[in-house]
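A.B. asks: As you go down the protein sequences, you meet chains L and W in turn.
Each step along the first sequence adds one to the number in our numbering, with nothing skipped, and position 63 is 64.
Each step along the second sequence adds one to the number in our numbering, with nothing skipped, and position 102 is 270.
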Amino acid sequence: MADTRLIRIQNLSKRFETLKVLEDVSLDVRIGENLVVFGRSGTGKSVLLKCIIGLLKPDNGQIFIKDKNILEISLNELNDIRKNIGFLFQSSALYDSMSVRENLAFPLIRHFDFSQKELDEKINNTLELVSLSDAIDKMPSDLSGGMRKRIGLARSIITDPELMLYDEPTTGLDPITTKEISELILNLQKKLNMTSIVVTHDLICAEIIADRAIFLKDAKIVHEGKIEDLSKSDDPFLKNFFSNEIVKAS
Amino acid sequence: MNLPVIKHKRRATFSHLVYNFFANITGLTIFNWEFIKAVFLPPYEIAEVKKHMDELGVKTFPIVSITGFIIGLVLALQSYPVLLRFGATDFLPNTVALSVIRELGPVITALIFAGRVSSGIGAELGSMRVTEQIDAMEVSAINPFRYLVVTRVIATTMILPVLTIYVIFLALIGGYVAVIITENMSFEYYKNAIIGAVEFGDLIPGVAKTFVFGYIAGIVGAFKGYTADGGTEGVGRASTTAVVFASLLILIFDMILVQITLMLWPTLG
């Protein structure tokens with residue numbers, strides 16, 4: 002039977018000086034799956050994403066993307082893998098000296114041999130997907146928080162990645178925009194048939210997107226399953242997370 | 169590319185200052201090595217280099233124009249009473265020209281350039297670092313070091329000699345204005361005195377060292393910005409320390425390069 006796992010993480014550990022952030026984390030992500038990573042602030046969710054993309058080097062463990070251990074390959078090989086991965090940063094990380102058009106064109110010019118017409122077409126189509134065609138000549142400083150997220154998303158998906166990594170895609174947005182962005186992520190995932198890992202502590206976002214969720218606590222994965230099952234759990238930690246009231250641990 | 173993280177100590181004790189100084193020197197040495205490795209590899213980003221030469225160099229012209237003119241003017245005005253005391257006012261053009269060409273023009277232009285450009289690069293790259301824009305480039309499989317650092321350092325290295333020649337020219341004009349004020353000297357005499365006093369060998373070391381100063385201004389600004397941490401406070405720190413560190417290195421290298429020049433061309437002494 003064909004291996005349906007896009008990512009395999011084995012015994013991943015990472016610490017910053019004395020602070021243990023990830024310890025012995027093992028995780029598989031299947032092709033086409035939307036995995037949500039939950040956890041309180043500072044529990045290593047973003048560190049996990051940055052290890053997967055190669056921005057941070059773990060202290061121990063292995064990360065396989067399509068059977069290639071990204072910790073044992075050259076930078077050129079890692080960059081070949083990165084070309085198939087999109088990353089939406091918490092702050093959107095738009096290049097603020099470039100217009101929206103230049104932000105979107107930036108990875109295309111460097112990785113593809115498009116003509117100017119093909120480039121324009123690709124940019125326009127991607128902006129249409131995120132419903133922001135009008136913003137094409139705006140500078141990032143002229144965009145609202147929600148618009149920046151959409152443009153950041155457009156820039157991440159413009160290279161048609163197989164895997165999308167989202168770092169807090171809805172942080173700082175109002176509930177309506179949160180819902181819009183979450184639905185947009187889900188629609189794009191369906192339309193472009195991507196695999197996604199979404200780091201969030203936003204329940205609205207997770208309920209819309211997640212096929213499966215994991216919880217990080219004390220540097221380890223403590224719960225894993227479907228959102229519906231996890232939200233009905235009697236575990237005090239999960240109850241606290243999913244309820245509006247604080248539940249005392251027994 | 170994973171550069172080593174330089175952890176600075178924040179308390180202003182003597183031991184921490186010494187630690188930070190050596191941490192900076194170590195970090196800058198590694199950063200230089202990365203630059204040397206990256207500068208010869210494609211893609212060459214020529215358009216970016218041109219853009220930075222315009223941004224960092226051409227836009228520095230107004231401030232160095234004023235500075236250049238004033239250096240020449242003040243130098244001539246200050247030198248005049250001393251030369252008058254020895255009855256040597258005829259040597260005023262020679263004094264101005266040799267001082268400006270050999271030392272004042274290159275060094276003052278470099279210090280002003282560092283003040284504007286090192287801090288600008290430090291702030292810009294620092295801001296890109298703390299807002300994850302550099303990480304965004306890296307995850308897009310684009311080498312941010314080559315795109316952001318190499319292009320800027322090449323631009324500063326190439327543009328400072330041009331600025332210096334321009335400053336020297338304006339300083340000589342400033343010197344002539346002072347001569348008109350103090351002495352009834354014709355432009356023809358002033359010009360011929362300078363041409364007679366200055367040899368081509370005077371110009372070459374003076375301008376050649378500005379390639380080094382331009383490199384220092386660019387690489388220090390880029391180093392401080394690229395390795396910035398700690399949010400907006402870190403950006404401010406990167407910008408300020410870039411100017412201080414670049415200015416200090418320019419003066420240290422000036423001292424070394426003057427010694428080397430005198431060893432190679434003893435007649436210049």
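Where is the CB? At the ideal position from N, CA and C, for every residue including glycine.
Between the Cα of residue 161/L and the Cα atoms of 66/L, 134/L, 193/L and 48/L, which residue gives the shortest distance?
C.D. replies: 193/L
A.B. asks: Within its chain, find whatever has a CB closer than 8 Å to the CB of residue 315/W; leave out the 5 residues flanking it on each side and keep chain order.
C.D. replies: 213, 216 and 305
A.B. asks: Which whole runs of the beta strand (DSSP E) in the stretch 329-399 of chain W are 3 residues long or more, in chain order?
C.D. replies: With a minimum length of 3 residues, there is no unbroken run of beta strand (DSSP E) contained wholly in the stretch 329-399 of chain W.
A.B. asks: Assuming residue 5/L is part of the alpha helix (DSSP H), what are its boundary residues?
C.D. replies: That residue, residue 5/L, is in no alpha helix (DSSP H); it is neither H nor E in DSSP.
A.B. asks: When you check each C-beta in the stretch 366-399 of chain W against every C-beta of chain L, which residues fall closer than 8 Å?
C.D. replies: none
A.B. asks: Of all the CB atoms in chain W, is at least one closer than 8 Å to the CB of residue 35/L?
C.D. replies: No - not a single Cβ of chain W is within 8 Å of the one on residue 35/L.
A.B. asks: To which residues of the same chain is residue 327/W closer than 6 Å at the C-beta, ignoring the five residues directly before and after it?
C.D. replies: 221 and 225.
A.B. asks: Go ahead and pull the three-state DSSP assignment for residue 31/L.
C.D. replies: strand
A.B. asks: Does any residue of chain W have a CB that is nearer than 8 Å to the CB of residue 251/L?
C.D. replies: Confidence at residue 251/L is low in this model, with a pLDDT of 43, below 50, so its placement is unreliable and no value can be given for it.
A.B. asks: To the nearest angstrom, how far is the alpha carbon of residue 367/W from that of residue 76/L?
C.D. replies: 51 Å
A.B. asks: Of the residues 148/L, 159/L, 91/L and 86/L, which one's Cα is nearest the Cα of residue 121/L?
C.D. replies: 159/L
A.B. asks: Does DSSP put residue 173/L in a helix, in a strand, or in coil?
C.D. replies: coil
A.B. asks: Measure from the C-beta of residue 108/L to each C-beta in chain W and report whether the shortest distance is under 8 Å.
C.D. replies: For residue 108/L, the nearest CB of chain W lies under 8 Å from its own CB, placing it at the interface with that chain.
A.B. asks: When you compare only the Cα positions, how much space is there between residue 267/W and residue 273/W?
C.D. replies: 8 Å
A.B. asks: Would you call the CB atoms of residue 282/W and residue 264/W closer than 8 Å?
C.D. replies: no
A.B. asks: Would you decide whether residue 256/W is buried or exposed? Buried here means 16 or more other CB atoms lie within 10 Å of its CB.
C.D. replies: exposed
A.B. asks: Buried or exposed: residue 255/L, going by 16 or more other Cβ atoms within 10 Å of its Cβ?
C.D. replies: Look at the range of chain L in this structure, 2 to 251, and you will see that residue 255/L is not part of it.
A.B. asks: For a test of the three-state rule: what should DSSP assign to residue 220/W, helix, strand or coil?
C.D. replies: helix
A.B. asks: Going along the chain, which residues of its own chain have a beta-carbon closer than 7 Å to the beta-carbon of residue 148/L, five neighbours each way excluded?
C.D. replies: 133 and 136
A.B. asks: For the beta strand (DSSP E) containing residue 214/L, list its first residue and its last residue.
C.D. replies: 213-218
A.B. asks: To which residues of the same chain is residue 88/L closer than 7 Å at the C-beta, ignoring the five residues directly before and after it?
C.D. replies: For residue 88/L, where only same-chain residues beyond five positions count, the Cβ hits under 7 Å are 54, 157 and 166.
A.B. asks: Name the chain W residues that come within less than 7 Å of residue 80/L, Cβ to Cβ?
C.D. replies: 309
A.B. asks: Considering Cα atoms alone, identify which of 434/W, 377/W and 392/W is closest to residue 403/W.
C.D. replies: 392/W
A.B. asks: Let me know if residue 81/L comes out buried or exposed under the rule of 16 or more other beta-carbons within 10 Å of its beta-carbon.
C.D. replies: exposed
A.B. asks: Since residue 200/W and residue 387/W should fall inside the 8 Å C-beta cutoff, what is the C-beta to C-beta distance between them, to a whole number of angstroms?
C.D. replies: 6 Å
A.B. asks: So if I threshold CB-CB distances at 7 Å, which residues from the stretch 276-299 of chain W count as touching chain L?
C.D. replies: 299
A.B. asks: I'd like to confirm the pairing. Which residues does DSSP put opposite residue 87/L in its beta bridges?
C.D. replies: 165/L
A.B. asks: Report yes if the CB atom of residue 289/W is closer than 8 Å to the CB atom of residue 398/W, and no otherwise.
C.D. replies: no
A.B. asks: Alpha carbon to alpha carbon, what distance is there between residue 107/L and residue 26/L?
C.D. replies: 34 Å
A.B. asks: May I ask you to list, following chain order, the residues of the stretch 87-108 of chain L that have a beta carbon less than 9 Å from some beta carbon of chain W?
C.D. replies: 87, 88, 90, 91, 92, 93, 94, 95, 96, 97, 98, 107 and 108
A.B. asks: Closest to residue 37/L by CA distance: which of 191/L, 206/L, 71/L and 94/L is it?
C.D. replies: The residue with the shortest Cα to Cα distance from residue 37/L is 206/L.
A.B. asks: Please state the DSSP three-state secondary structure of residue 61/L.
C.D. replies: strand
A.B. asks: Can you pull the chain L neighbours of residue 306/W, defined as C-beta to C-beta under 7 Å?
C.D. replies: 56
A.B. asks: When DSSP labels each residue in this structure, what does residue 12/L get in the three-state scheme?
C.D. replies: strand
A.B. asks: DSSP state of residue 113/L, grouped into three classes?
C.D. replies: coil
A.B. asks: Can you tell me which of the three DSSP states residue 202/L falls into?
C.D. replies: coil
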